[in-house]
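To keep things clear, I will list the structure first and then write my remarks on it.
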Amino acid sequence: MVRRLAALVLGLWLAAALPAAAGPFEDWAAVVVAGDFRAHNGKPSETFDNARRDVSAALTRVGFKADNLRQFSVRPERYKDTNPAKSEAQGVYTTLKDLTTKTAGGCLAYFTSHGTPQGMVMDERMLAPGVLAQILDRTCGERPTVVVISACFSGVFVPALAASNRMVLTAARPDRSSFGCGESDKYPYFDECFLQSIEGAADFPALAATVQTCVRDRERKEGMKPASEPQVWVGAALKPLLPLYAFAPSAVRRN
């Protein structure tokens, strides 16, 4: 009996001493970028930075490692609590290059900003789809990569970013606006739906489907027309692998 009890105690001690198995996103590189600080009327707004801050926190809850995630803001000096870097294409490129040097997993890039049919606002400049594709090609390369773009007309990025190893989720069709960028909005509709949906989603495909439904329902409720119709594109090589990248179960829901 004593030996059996001693063996049980030893087993429990060893189980407690062993490190927990690493989650599928612990070795991923991630950037979350707020590309503007203005509402649609041109006045200052916290909309995009609110999304940048809270999307970053949500990603860490589902398994991304904070040390491998960097945030960017047009006004970084205002946000000492999250310490973002300055939003600019060169900075995003350099940061992703550094992160992919020290990690061996996949990549995630999340952008929230205003958009046009030519691309996405990045501070005082426009980030074109081809430029973002080059950034990802030169940093993330063939790694599994998820790109989320919350902006009007963001569907214009899909053709340039479409690669076998990538998933692309955008807030709108290439010819449609998205909504929720006013002075009084806490988040754009798409970002709010992303935040509401990620806590209960199993993985990125499930999250994308829920976000699409959430955005559709919100726009109908608010009477916003025409519908933005968020787009999802998944490359052939990545599609069968995505279920293996499951979100951490401890992040099931916020209270």
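Heads up: the sequence shown at position 219 corresponds to 359 in this note's numbering, and the numbers run straight through without jumps.
C-beta: ideal position from N, C-alpha, C; glycine also.
This structure is a prediction, so every number in the text was calculated from the model and none was measured.
Along the alpha helix (DSSP H) that carries Ala191, what are the first and last residues, could you check?
In the sequence shown, residue 191 corresponds to position 51, counting from 1. Bounds of the alpha helix (DSSP H) holding Ala191 are 187-201.
For Cys321 and Ala198, I'd like the C-alpha separation in whole angstroms.
Residue numbering aside, residue 321 sits at position 181 when the sequence shown is read from its first letter. Residue numbering aside, residue 198 sits at position 58 when the sequence shown is read from its first letter. Cys321 and Ala198 have their alpha carbons spaced roughly 21 Å apart.
Locate the alpha helix (DSSP H) running through Tyr219, then write down its first and last residues.
Locating residue 219 in the sequence shown gives position 79, where the first residue counts as 1. Per DSSP, Tyr219 belongs to no alpha helix (DSSP H) and is neither H nor E.
Among Gly363, Glu359, Asp343, the one whose alpha carbon lies nearest that of Val202
Along the sequence shown, read from residue 1 onward, the residue named residue 202 stands at position 62. Of the listed residues, the one whose Cα sits closest to Val202 is Asp343.
Exposure of Gln258, with buried meaning 16 or more beta-carbon neighbours within 10 Å
Stepping through the sequence shown from its first residue, residue 258 is reached at position 118. If you draw a 10 Å sphere on the C-beta of Gln258, you find fewer than 16 other C-beta atoms in it, and that means exposed.
Which listed residue (Phe334, Gly340, Ala300, Ala312) has its alpha carbon closest to that of Val115
Because the chain in this structure spans residues 141 to 395, residue 115 falls outside the shown range and cannot be described.
Taking DSSP as the reference, what is the three-state secondary structure of Pro380?
For the purposes of this step, residue 380 is taken as residue 240 along the sequence shown, with counting starting at 1. Looking at Pro380 - three-state DSSP - the assignment turns out to be coil, as it is neither helix nor strand.
Residue closest to Ser185, alpha-carbon to alpha-carbon, out of Ala169, Lys326, Leu378, Ile275
Here the question's residue 185 lines up with position 45 in the sequence shown. Ser185 has its Cα closest to that of Lys326, out of Ala169, Lys326, Leu378, Ile275.
Top-ranked residue by Cα proximity to Ala312, from Gln352, Ser324, Ile338, Glu339
By one-based count along the sequence shown, residue 312 stands at place 172. Out of Gln352, Ser324, Ile338, Glu339, Gln352 has the C-alpha closest to the C-alpha of Ala312.
Could you spell out the range, first to last residue, of the alpha helix (DSSP H) harbouring Phe334?
If you number the sequence shown from 1, residue 334 lands on position 194. That run of the alpha helix (DSSP H) goes 329-338.
Could you pull out every residue in the same chain whose Cβ sits closer than 8 Å to the Cβ of Ala179, ignoring the five residues on either side in sequence?
Here the question's residue 179 lines up with position 39 in the sequence shown. Correct list, in chain order: Ser185, Thr187, Cys321, Gly322, Glu323, Asp325.
Taking only runs that begin and end inside the region 239-306, name each unbroken alpha helix (DSSP H) of 4 or more residues, in chain order.
Listed in chain order, the complete alpha helix (DSSP H) runs (minimum 4 residues) inside the region 239-306 are 269-279, 298-301.
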